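*Asks:* Sequences listed follow chains A and B, in order. In terms of the working numbering, the first sequence has 29 at position 25, counting the first letter as 1, and numbering is strictly consecutive. In terms of the working numbering, the second sequence has 65 at position 62, counting the first letter as 1, and numbering is strictly consecutive. Take a look at the following structure, please.
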Amino acid sequence: MTFLSDNGKEYCYEDLLKALNEGKTYYPYYKTSDVFSYFVNLIKALAASQPLVLLDSDINPSEIDGLDESKVNVTEPITPASLKNMDEVVAAVQNSQSEITIFTSGTTGQPKKVVHSIATLTRAVRIGDRYKGQIWAYAYNPTHMAGLQVFFQAFENQNTLVNVFNQPREYVYQQIRDKGITHISATPTFYRLLLPYEQAYESVIRVTLGGEKSDRHLYDSIMKIFPNAKINNVYASTEAGSLFAAKGDCFQIPEAIKDKFKVVDDELLIHKSLLGSSDSFKFTDDYYHSGDLIEWVVEAQGLFRFKSRKNELINVGGYKVNPGEVEVAIQDIEGVRQAMVYGKANSILGNVLCADVVLEPGFEMTELDIKKVLSSQLQDFKVPRRIKFVEEISLTRTGKMKRV
Amino acid sequence: MDKKNFLLEVVNSIRDNKGLEKLSVINETDRLREDYGFTSFDLAELTVKVEDETDIDIFEDGLVNTVGEILAKLEE
């Protein structure tokens, strides 16, 4: 059975088992763009109940507060698990006592650490005979919450993962066709890139959207491209993992965890028992402010709809950007007097990151000059795609004229 | 400036930033993703820059794939 198909390379579950039993070390802080090595390291750490910090392959460690760069990609000894078969591996992962640290974009600048247990990461995983034999298009960053959710769902059922993250449209379609992909879970942006409809792909039976608000036009197109698929939506966050799935265009709070939610001033509050742990979380009477504004559809049934986000983070194709962090980076460039970073509504990414920049008198620079500096310091999605030089800053972040 | 030259300039500003060589000419049959190597972020940048100049959102009704399809949108 294939475990992972990545850019022409195929790894079966025997390869995974072999790699897990090999070597007496692992990387507690691992930064790699090789997905197989990343998964091997992840499972190795989990099976041995060792702590693990998940780093994006393109992250600059200086972007993370309190991260000791000298620890990145340095091995630590580990007691090899000596696992005989995949059922033992899955059981070891399920019983793992590891602390798994992932990062969220904070509201004050630096990404914030969130520490999860295997229980919060796999809350939504369903196991059983009806989940066997599924072939998943792997369309998320493997270090992010959504990528972990898909990984555990597929791995614990010993399904196949086909990596299509950041791949062009032609490649994605080719993989769907060649590998007979049955399940896709991705951001609305990923599906928008598959448009326009050219032909139907009948092997896909389940399509899941998450991360951003999606629209009717997109749903209709997805239904044409994947006529046999059931479409659903998930609400998951870096802080809490997967919480609830959609019912039509609404979400429903499951009966079993109904008392773990409150709504105050339209904002969804989540009880701390459902979250990972982080120094950055602030609680009011044990409830966490999610920043998501909702409206009840049928309150007695826990049925609600999302309205908007409370905080200022800009959602760019599913990535959350803190404009303040980017403004600081621009303002650090010599010759820049002031910068304003904001999202502009866009039909592909939801928002495109834009910046207005005021230069000091006597300085000259181009859009490209600024982008080059930023690219060396920030992850790609945080680099504004349009930079305008202005005499003075006159727009608010939402692009509206500021009232004087 | 004619629409094709304008588009060439926008495409080149994006390619330049990606470290790709500038193009001297663009053809109607050129495909944005496959021939120009554009990602979703690049396509978004293209739409914003075209919209700045023309007030037209070229991807409004779903994605377009080729230079010809963009030019057709700009002619509408």
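Heads up, the beta-carbon is just placed ideally off N, CA and C, and yes, glycines get one too. Computed from a predicted model, the values in this text were never measured in an experiment.
Answer yes or no: do residue 30 of chain A and residue 45 of chain A have a C-beta to C-beta separation smaller than 8 Å?
*Replies:* Yes; because the gap between Cβ atoms is below 8 Å, this pair is in contact.
*Asks:* Tell me the residue span of the beta strand (DSSP E) that contains residue 273 of chain A.
*Replies:* Residues 271-275.
*Asks:* Inspect the CB distances between the segment 315-332 of chain A and the segment 382-391 of chain A and report whether three or more fall short of 8 Å.
*Replies:* As far as the Cβ criterion goes, the segment 315-332 of chain A touches the segment 382-391 of chain A, which means the pair count is three or higher.
*Asks:* Suppose the cutoff is 7 Å on Cβ atoms and the five residues either side in sequence are ignored; what does the same chain contact list for residue 18 of chain A look like?
*Replies:* Counting only Cβ-Cβ distances below 7 Å, and skipping sequence neighbours, we find nothing.
*Asks:* CA-CA distance, residue 317 of chain A and residue 361 of chain A?
*Replies:* Taking the straight line joining both Cα atoms gives about 20 Å.
*Asks:* Taking the runs of the beta strand (DSSP E) that are 3 residues or longer, which of them lie wholly in the segment 205-260 of chain A?
*Replies:* Counting whole runs of 3 or more residues, the segment 205-260 of chain A contains the beta strand (DSSP E) stretches 210-214, 234-241, 245-251, 254-256.
*Asks:* Can you check whether the C-beta of residue 66 of chain B is within less than 8 Å of a C-beta belonging to chain A?
*Replies:* Yes, its Cβ sits closer than 8 Å to a Cβ of chain A.
*Asks:* In angstroms, rounded to a whole number, what distance separates the CA positions of residue 49 of chain B and residue 224 of chain A?
*Replies:* Approximately 25 Å, taken between the alpha carbons.
*Asks:* Looking at residue 290 of chain A and residue 271 of chain A, is the spacing between their C-beta atoms short of 8 Å?
*Replies:* No, they are not a contact pair.
*Asks:* Could you tell me whether the Cβ atoms of residue 340 of chain A and residue 334 of chain A are closer together than 8 Å?
*Replies:* Contact: yes.
*Asks:* Measuring alpha carbon to alpha carbon, tell me which residue in B:77, B:54, B:72, B:78 is nearest residue 31 of chain B.
*Replies:* Ranking the options by Cα distance to residue 31 of chain B, first place goes to B:72.
*Asks:* What span of residues does the beta strand (DSSP E) with residue 340 of chain A cover, start to end?
*Replies:* Residue 340 of chain A -> beta strand (DSSP E) spans 340-350.
*Asks:* Would you mind telling me which residues of chain A sit closer than 7 Å to residue 62 of chain B, beta carbon to beta carbon, in chain order?
*Replies:* Within chain A, the residues near residue 62 of chain B are 351, 352.
*Asks:* On a CA-only basis, which of A:302, A:352, A:25, A:165 is nearest residue 42 of chain B? Give me that one, please.
*Replies:* With distances taken between Cα atoms, residue 42 of chain B lies closest to A:352.
*Asks:* Here's a check: name, in chain order, each residue in its chain whose Cβ is nearer than 7 Å to the Cβ of residue 298 of chain A, leaving out the five neighbours to either side.
*Replies:* Around residue 298 of chain A: 267, 270, 272, 308, 309, 310, 311.
*Asks:* With a CB to CB cut of under 6 Å and the five nearest residues on each side skipped, what residues in its chain are close to residue 156 of chain A?
*Replies:* Cβ neighbours of residue 156 of chain A beyond the five flanking positions: 126, 129.
*Asks:* What residues in the segment 19-36 of chain B bring their beta carbon closer than 7 Å to a beta carbon of chain A?
*Replies:* Those would be 19, 20, 36, in chain order.
*Asks:* Tell me the residue span of the alpha helix (DSSP H) that contains residue 26 of chain A.
*Replies:* Residue 26 of chain A -> no alpha helix (DSSP H), and no H or E assigned at all.
*Asks:* Could you please give me the residues that DSSP links to residue 298 of chain A through a beta bridge?
*Replies:* Partner(s): A:310.
*Asks:* Pick out whichever of A:25, A:75, A:48 has its Cα sitting closest to the Cα of residue 35 of chain A.
*Replies:* Nearest option by C-alpha distance: A:75.
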